Amino acid sequence: MNIIGISVFCAFLVCIVLFVRSAHAQTGFLLSLCGAVWLLTVCVSTLSPIAEYLSSLSESAGFGEYMPYIFKSLSIGFIGHFSSEICRDAGEHAIASSLQSASKLAVVALCLPLVGKIADIAVSYI
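Rendered as structure tokens:
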């Protein structure tokens, strides 16, 4: 990922969005949304090597069965944050806050089996 190129593109996009938004608010929002989706796809494309490395590392360390929980939790967090920022950009702060709360609850619900496994390990030591 070329962070300098991405940063320059985002700065250029912000200038265009600010210029367009002054004349057409909806067009500026859609342009901003397209830029955010593009940036998200660039970021997701770089995650594959990171995920493979972490998976191999976790398998060698012996906690490979927990990696799907970690990846799903991170995905929920990123998607929830990204979506809530889009809502904030559209001026819907209440929806953005509710979406963040919903994503946090989704992570908690996803990790409940891990809590059960941790409790079983703790009970076995007592």
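The numbering of the sequence shown is the numbering used here, which starts it at -14 and goes up by one.
Every residue gets a Cβ at the ideal spot worked out from N, C-alpha and C, and that includes glycine.
Small disclaimer: the values here were computed from a predicted structure and weren't measured.
For the candidate residues the options, whose alpha-carbon lies nearest to that of residue i?
i, options, result
"Tyr54", "Ala(-4), Pro98, Ser109, Val(-7)", "Pro98"
"Ser51", "Ile111, Asn(-13), Tyr110, Lys102", "The residue asked about is misnamed: residue 51 is Tyr in this sequence, not Ser. Nearest of Ile111, Asn(-13), Tyr110, Lys102 to Tyr51, Cα basis: Lys102."
"Leu15", "Cys28, Thr26, Ile1, Val27", "Ile1"
"Gln85", "Ile64, Gly47, Leu42, Ser17", "Ile64"
"Ser60", "Leu42, Glu37, Cys(-5), Val29", "Val29"
"Glu(-6)", "Ser7, Val27, His9", "Note that residue -6 corresponds to Phe in the displayed sequence, not to Glu. It is Val27."
"Ile(-12)", "Val93, Thr31, Glu77", "Thr31"
Using a threshold of 7 Å, state whether the C-beta atoms of residue i and residue j are closer than that.
i, j, result
"Ser58", "Leu95", "yes"
"Thr12", "Val5", "yes"
"Arg73", "Ala81", "yes"
Span of the alpha helix (DSSP H) holding residue i?
i, result
"His78", "78 to 110"
Is there at least one non-hydrogen atom of the ligand HEM closer than 6 Å to the beta-carbon of residue i?
i, result
"Arg73", "Absence of the ligand HEM is noted for the structure shown, with no ligands found whatsoever."
Checklist entry - Unbroken alpha helix (DSSP H) runs of length 4 or more, entirely within the segment 13 to 75: which are they? => result If we require 4 residues or more, the alpha helix (DSSP H) runs fully inside the segment 13 to 75 come out as 32 to 46, 52 to 74.
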